[in-house]
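Enquirer: Can you keep this structure in mind? I'll have questions shortly.
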Amino acid sequence: MKPLVVNFVASAATIILFVTLAAFRVYFSLSFLLLYFVFTNLWFSAEFFMRAKVALYLFAIVPGGYALEEGNYQNVRLTNLTSPEDLPQGVDGVIVDFHRELSEAWLSFVSRCVLEGIPVVSTDDFVETQKGTIILEHLTTARSITFQTTSLYLAVKRIVDIVLVLGSSPLWVPLLLVACAVVRAESPGRVIFSQKRVGRKGKPFTIYKIRSMRFDSEKHGAAFASARDARVTRIGAVIRKFRIDEIPQFWNVLRGDMSLIGPRPEQVPFVLSFEKIIPYYQLRHIVRPGISGWAQINMGYAAGEVEAADKLALDLYYVKRVSFVLDFLIFIKTLGTMLTGFGAR
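Per the numbering used here: the sequence shown = residues 1138 to 1482.
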């Protein structure tokens, strides 16, 4: 059985066990179950990524489509086809750009590959799986309809969010109290900062954070954060680096406004602006926004329209492929982000 399948089964079993014990009011150690959940996932995920690093796959490219950069893909070797008769032996898949019309010869070639059990993937899907992002130029109304999430997984994810937040409360509640006290001692103003953000299905909600900037930082209106933001206080820089300022958003998770993992919620003025200039921007609101997300860990800051479009491509990759495996990968990378400070703001 594949490591990530075992990973999923073990995690599902942990959740079922927790619900069963709680339903029958059987005494159990929540801390032990959480540790089991984390270490089991870490073990099988490590095995999966170690195996993936040594694998090498050969993909053949049908000519005339979107130009793929050779030698720029992990664990994949590309070869360009010149005619429908020269498919090399041992090929693991064929890449086709379906945004252009194929000749009858190449259509016949693609059909033959399907009959022989050779995977045929679109250029879009290949780039998405390799780069972890979406080609916005190829996003059409027809493709946007495919952005459908699995209701069952979202329901399970909601349960996992609540269990993890409540189960880890003995760890984050004391940290929250200490951080609030330190922030209040350094500068005047309210310790908890609230702001309107856009959530699932485009509905606004109030997000909460420990204040990391001067209390009057947005008196002139909303502004993008930057790597060396002058509005950030000394203590604020520390709690932002380690994401301590995000702890109050656990309340948003319990309320159902947010999830632990998902696209970061943007401020209302920014969303209204981006929706006018970036097609399909509203698709990022299909799922609940998260405390950490795919774009957040891979890109970090987005301080303008161009960077916002790049970040949207990453967010849409997550929305399209949301799964337990992807959520867990984001969780692991978020731990690294908390230690290095990359993407924190």
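A virtual CB, placed ideally from N, CA and C, is assigned to each residue, including glycine.
Computed from a predicted structure; not experimentally measured.
Please look up how many angstroms separate the CB atoms of Phe1468 and Ile1398, rounded, as I've assumed it's under 8 Å.
Expert: So it is a contact: roughly 7 Å between Cβ atoms.
Enquirer: Can Ile1198 and Val1228 be called in contact, C-beta distance under 8 Å?
Expert: Taking 8 Å as the Cβ cut-off, Ile1198 and Val1228 do not qualify as a contacting pair.
Enquirer: Going by the DSSP bridge assignment, what does Asn1217 pair with across the sheet?
Expert: Bridge partners of Asn1217: Ile1198.
Enquirer: Taking 8 Å as the cut-off, decide whether the C-beta atoms of Gly1202 and Arg1237 are in contact.
Expert: The answer is yes: Cβ separation under 8 Å.
Enquirer: Quick one: measure Cβ to Cβ for Val1369 and Arg1377, integer angstroms, because I've assumed they're closer than 8 Å.
Expert: About 7 Å; that satisfies the 8 Å criterion.
Enquirer: What number of angstroms, rounded off, separates the C-alpha of Leu1476 from the C-alpha of Asn1217?
Expert: Computed Cα separation, rounded: 42 Å.
Enquirer: If I'm right that Val1258 touches Val1247 with Cβ under 8 Å, what's the distance once you round it to whole angstroms?
Expert: With 8 Å as the limit, Val1258 and Val1247 do not qualify as a contact, their Cβ atoms being about 11 Å apart.
Enquirer: To the nearest angstrom, report how far apart Gln1404 and Ile1434 are at their CA atoms.
Expert: C-alpha separation (whole angstroms): 19 Å.
Enquirer: On the criterion of 16 or more Cβ atoms from any shown chain inside 10 Å, does Asp1234 qualify as buried, or is it exposed?
Expert: So Asp1234 ends up on the buried side.
Enquirer: Report the three-state DSSP secondary structure of Ser1429 (helix, strand or coil).
Expert: DSSP places Ser1429 in strand when its eight states are reduced to three.
Enquirer: Applying the 10 Å Cβ sphere with the 16-neighbour rule, what's the burial state of Gly1373?
Expert: Label assigned to Gly1373: buried.
Enquirer: Tell me whether the segment 1331-1350 and the segment 1402-1419 touch, counting them as touching only if at least three CB pairs, one residue from each stretch, are closer than 8 Å.
Expert: Yes: the two stretches touch, three or more of their Cβ pairs being nearer than 8 Å.
Enquirer: Work out the CA separation of Leu1273 and Gly1230 for me, nearest whole Å.
Expert: About 24 Å.
Enquirer: Pull up the distance between the alpha-carbon of Arg1214 and that of Gln1267, whole angstroms please.
Expert: Going by the C-alpha atoms only, they are around 12 Å apart.
Enquirer: Measure the Cβ-Cβ separation of Trp1388 and Tyr1454 and say whether it is below 8 Å.
Expert: No.
Enquirer: Note down the Cα distance separating Phe1411 from Leu1451, rounded to an integer number of angstroms.
Expert: If you take the alpha carbons of Phe1411 and Leu1451, they lie about 15 Å apart.
Enquirer: Quick one: is Met1138 buried, meaning 16 or more other Cβ sit within 10 Å of its Cβ, or exposed?
Expert: Low per-residue confidence applies at Met1138: pLDDT is 45, beneath 50, and the placement is therefore not dependable, though the value from the model is reported in the following sentence. Label assigned to Met1138: exposed.
Enquirer: Is the beta carbon of Pro1400 sitting closer than 8 Å to the one on Gly1427?
Expert: Result yes, Cβ atoms of Pro1400 and Gly1427 sit closer than 8 Å.
Enquirer: Quick check: Ile1347 and Ala1316, are their CB atoms within less than 8 Å of each other?
Expert: In this structure, Ala1316 lies closer than 8 Å to Ile1347 by Cβ.
Enquirer: Could you give the first and the last residue of the continuous alpha helix (DSSP H) run that contains Arg1343?
Expert: The displayed chain sequence assigns Thr, not Arg, to residue 1343. Per DSSP, Thr1343 belongs to no alpha helix (DSSP H); it is in the beta strand (DSSP E), Pro1341 to Ile1347.
Enquirer: In its own chain, which residues sit with a C-beta less than 6 Å from the C-beta of Ser1309, not counting the 5 before and 5 after it?
Expert: Reading off the sequence, residue 1309 comes out as Trp, not Ser. Closer than 6 Å at the Cβ level, and outside the excluded window around Trp1309, lie Ile1384.
Enquirer: Note down, in chain order, each residue of its chain lying with its Cβ closer than 7 Å to the Cβ of Trp1243, except the 5 sequence neighbours on either side.
Expert: Closer than 7 Å at the Cβ level, and outside the excluded window around Trp1243, lie Val1199 and Pro1221.
Enquirer: Rounded to a whole number of angstroms, what is the C-alpha to C-alpha distance between Met1436 and Thr1471?
Expert: Going by the C-alpha atoms only, they are around 12 Å apart.
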